[in-house]
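There are 2 protein chains.
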Amino acid sequence: MRILYHLPLSPYCRKVRLVLGEKRLPFEPMMERVWERRPEYLSANPAGTVPMLVEENGLSIPNSSVICEYLEEAYPDTPLLGRTLAERVEVRRLVAWFDEKFANEVTQNLLHEKVMKRIAGRGNPDGNALRAGYANIRYHMSYLDWLAETRKWLAGPTLSLADFAAASHLSCLDFINDVDWSKAPAAKDWYARMKSRPCFRPLLNDRVTGIVPPDHYADLDF
Amino acid sequence: MRILYHLPLSPYCRKVRLVLGEKRLPFEPMMERVWERRPEYLSANPAGTVPMLVEENGLSIPNSSVICEYLEEAYPDTPLLGRTLAERVEVRRLVAWFDEKFANEVTQNLLHEKVMKRIAGRGNPDGNALRAGYANIRYHMSYLDWLAETRKWLAGPTLSLADFAAASHLSCLDFINDVDWSKAPAAKDWYARMKSRPCFRPLLNDRVTGIVPPDHYADLDF
Numbered sequence: 008m009r010i011l012y013h014l015p016l017s018p019y020c021r022k023v024r025l026v027l028g029e030k031r032l033p034f035e036p037m038m039e040r041v042w043e044r045r046p047e048y049l050s051a052n053p054a055g056t057v058p059m060l061v062e063e064n065g066l067s068i069p070n071s072s073v074i075c076e077y078l079e080e081a082y083p084d085t086p087l088l089g090r091t092l093a094e095r096v097e098v099r100r101l102v103a104w105f106d107e108k109f110a111n112e113v114t115q116n117l118l119h120e121k122v123m124k125r126i127a128g129r130g131n132p133d134g135n136a137l138r139a140g141y142a143n144i145r146y147h148m149s150y151l152d153w154l155a156e157t158r159k160w161l162a163g164p165t166l167s168l169a170d171f172a173a174a175s176h177l178s179c180l181d182f183i184n185d186v187d188w189s190k191a192p193a194a195k196d197w198y199a200r201m202k203s204r205p206c207f208r209p210l211l212n213d214r215v216t217g218i219v220p221p222d223h224y225a226d227l228d229f
Numbered sequence: 008m009r010i011l012y013h014l015p016l017s018p019y020c021r022k023v024r025l026v027l028g029e030k031r032l033p034f035e036p037m038m039e040r041v042w043e044r045r046p047e048y049l050s051a052n053p054a055g056t057v058p059m060l061v062e063e064n065g066l067s068i069p070n071s072s073v074i075c076e077y078l079e080e081a082y083p084d085t086p087l088l089g090r091t092l093a094e095r096v097e098v099r100r101l102v103a104w105f106d107e108k109f110a111n112e113v114t115q116n117l118l119h120e121k122v123m124k125r126i127a128g129r130g131n132p133d134g135n136a137l138r139a140g141y142a143n144i145r146y147h148m149s150y151l152d153w154l155a156e157t158r159k160w161l162a163g164p165t166l167s168l169a170d171f172a173a174a175s176h177l178s179c180l181d182f183i184n185d186v187d188w189s190k191a192p193a194a195k196d197w198y199a200r201m202k203s204r205p206c207f208r209p210l211l212n213d214r215v216t217g218i219v220p221p222d223h224y225a226d227l228d229f
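Structural data, given as structure tokens:
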């Protein structure tokens, strides 16, 4: 059986879980506490990060971008990167937007400070980081709202990896109740559509010791 | 004419310059001082980062990973991502290794602190960051040396994007004389082969106001 080493509140792991689900590729999720630096894990993935996918033939694929490019090439049914060169540029641009810019400016400042630091026993949240995160999420939500208002899906007329990348970050932040959906109605409508996809269900059932997600987290009609 | 907006000491821009050169795709390099946040530039690339490639047909492609995937799809002669699925995983894994892990642990701590902060007028280098950078570069050089010793090119028997990603980071650090080649003879031999490729020549001619690279920087037989 295909194995995905992951952490439940990692947006990069969530993106891969969503893509595997959307492509109907069965897998066994395995929690990997990366901060314990397990030697067997490091020998398969010297970067020591999650996610890492291990295929039934033994091929180990670390890094969410590498995994998503691999899945697109290995399982081209249900294509998620777009068809034309321009479409593929726009999909990958938005994936990079969320996985790099949104991640650095929002996810890192809020999720990492409030949750990951505590789980890994690395101290208390830094107030400056939290303030920056709350300031940044506002303009990022405006951008998301604008994308959702002007396009059917974030990168254009078809559902793509851009939607899964964005929804992964948003779902982690929604888990800790840091998303104000009331100010971004088009983004909220888009996220409701994402949440109602079958591939999303496992994420809505995630539970993490010591954190209670808000009631609307798993509510499809929030 | 194809335009590449870039900064001379950005490893991500260097990677794209090398790939364009290797694929023999002519382009006009244009310096973009991203910290000035030029409105025309931000409207084409809201992330405000370099590199950004603009094709003759007007297609704007930001982000070095997005550009490299695009170039591979648009100009498949001189393929740089490998042939089989496993080869492509290894090439992309190493690109991510250098562009994410090496970048965070080494390039950011040394190049960003010593050069980019000064150019952008953002204060003095942080001593802790420099110490971390010098400590980290040692084990990264061992890994590079091991790759270079056990394989013809970093990802396997063929030259690939992994070599260009690694050489881009190394060349920036070599520009500020932060690479101790004497401890990594196989890496040094690999880097000498990279430097002697025609696509590398423009990088060796880069000059940056206020920084004098060491004599060996542009020497092919260093």
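Going line by line, the protein sequences match chains Z and H.
8 is the number of the first residue of the first sequence in the working numbering; add one for each residue after it.
8 is the number of the first residue of the second sequence in the working numbering; add one for each residue after it.
We put the beta carbon where it would ideally sit given N, CA and C, even for glycine.
None of the values given here were measured: they were computed from a predicted structure.
Consult DSSP for residue i and reduce its assignment to one of helix, strand or coil.
i	result
ILE183/H	coil
SER71/Z	helix
SER163/Z	Checking the displayed sequence, the identity of residue 163/Z turns out to be Gly instead of Ser. GLY163/Z: strand per DSSP, three-state reduction.
LEU11/Z	strand
PRO205/Z	helix
PRO36/H	strand
LEU60/Z	strand
VAL215/H	strand
ASN52/H	coil
PHE229/Z	coil
TYR82/Z	coil
ASN111/H	helix
SER178/Z	helix
ASP133/Z	coil
ARG90/H	coil
ALA127/Z	coil
GLY65/H	coil
ALA172/Z	helix
ALA191/H	coil
LYS16/H	Before going further, note that residue 16/H is Leu rather than Lys in the sequence given. In the structure shown, LEU16/H sits in coil (DSSP, three-state: anything other than H, G, I, E or B).
ARG24/H	helix
ARG138/Z	helix
PRO6/H	Because chain H here runs from 8 to 229, residue 6/H falls outside it and cannot be looked at.
LYS121/H	helix
ARG45/Z	coil
ARG31/H	coil
What in chain H is Cβ-close to residue i, meaning under 7 Å?
i	result
TRP104/Z	ALA54
PRO69/Z	ARG100
List the residues of chain Z whose Cβ lies closer than 7 Å to the Cβ of residue i, in chain order.
i	result
TRP108/H	Reading off the sequence shown, one finds Lys at residue 108/H, where the question assumed Trp. Here the neighbours are ALA54.
Cutting at 6 Å between CB atoms, please list the residues of its own chain near residue i, excluding the five before and the five after it.
i	result
GLY28/H	CYS206
CYS179/Z	LEU16, PRO18, LEU118
LYS22/H	SER71, PHE171, ALA172, SER175
GLU79/H	LEU88
Below 7 Å, is the gap between the Cβ of residue i and the nearest heavy atom of the ligand COA?
i	result
GLU29/Z	What this structure holds is no ligand at all, so the ligand COA is not there to describe.
Could you check if residue i is buried or exposed, using at least 16 other CB atoms within 10 Å of its CB as the buried criterion?
i	result
TRP197/H	buried
VAL98/H	buried
LYS202/Z	buried
TYR146/Z	exposed
VAL102/Z	buried
GLY65/H	exposed
ASN52/H	buried
LEU210/Z	buried
THR56/H	buried
So which residues on chain H does residue i lean against when the C-beta distance must stay under 9 Å?
i	result
TYR77/Z	LEU92, ARG95, VAL96, ARG99
Going along the chain, which residues of its own chain have a beta-carbon closer than 7 Å to the beta-carbon of residue i, five neighbours each way excluded?
i	result
TRP153/H	none
ALA136/H	ASN116, GLU120
VAL215/H	PRO15, LEU16
Could you check which residue in the options has the C-alpha nearest to that of residue i?
i	options	result
ARG9/Z	LEU211/Z, ARG31/Z, ALA110/Z, VAL41/Z	ARG31/Z
ARG100/H	ILE68/Z, THR216/Z, TYR19/Z	ILE68/Z
ASP185/Z	GLU35/Z, ARG24/Z, GLU120/Z, LEU88/Z	GLU120/Z
SER149/Z	PRO192/Z, ALA172/Z, ILE183/Z	PRO192/Z
LEU177/Z	PRO86/Z, VAL113/Z, VAL122/Z	VAL113/Z
ILE126/H	LEU25/H, ILE74/H, ARG40/H	ARG40/H
ALA169/Z	ARG129/Z, ALA155/Z, LEU227/Z	ALA155/Z
CYS75/Z	PRO83/H, PRO86/H, LEU92/H, LEU78/H	LEU92/H
LYS108/H	LYS124/H, LEU151/H, GLY217/H	LEU151/H
HIS223/Z	GLY217/Z, ASN143/Z, ASP187/Z	ASP187/Z
LEU60/H	VAL96/Z, TYR48/Z, ASP133/Z, PRO220/Z	VAL96/Z
GLY163/H	ASP181/H, VAL73/H, GLY89/H, SER189/H	GLY89/H
ASP213/H	LYS195/H, ILE183/H, LYS159/H	ILE183/H
LEU227/H	ARG204/H, GLU63/H, VAL219/H	ARG204/H
Could you list which residues in chain Z have their beta carbon closer than 9 Å to that of residue i, in chain order?
i	result
ALA81/H	LEU92
VAL61/H	Within 9 Å Cβ-Cβ: nothing; VAL61/H doesn't reach chain Z, min ~11 Å.
Which residues in the same chain have their Cβ closer than 8 Å to the Cβ of residue i, if we skip the five residues on either side of it in sequence?
i	result
MET37/H	ILE10, LEU11, TYR12, HIS13
GLY128/H	TRP42
LEU161/H	LEU101, LEU151, LEU154, ALA155, SER167, ALA169, ASP170, ALA173, TRP197
Going along chain Z in order, which residues have a C-beta closer than 8 Å to the C-beta of residue i?
i	result
SER72/H	SER72, ARG99, ALA103
Under 8 Å Cβ-Cβ, which residues of chain H neighbour residue i?
i	result
LEU66/Z	LEU92, ALA93, VAL96
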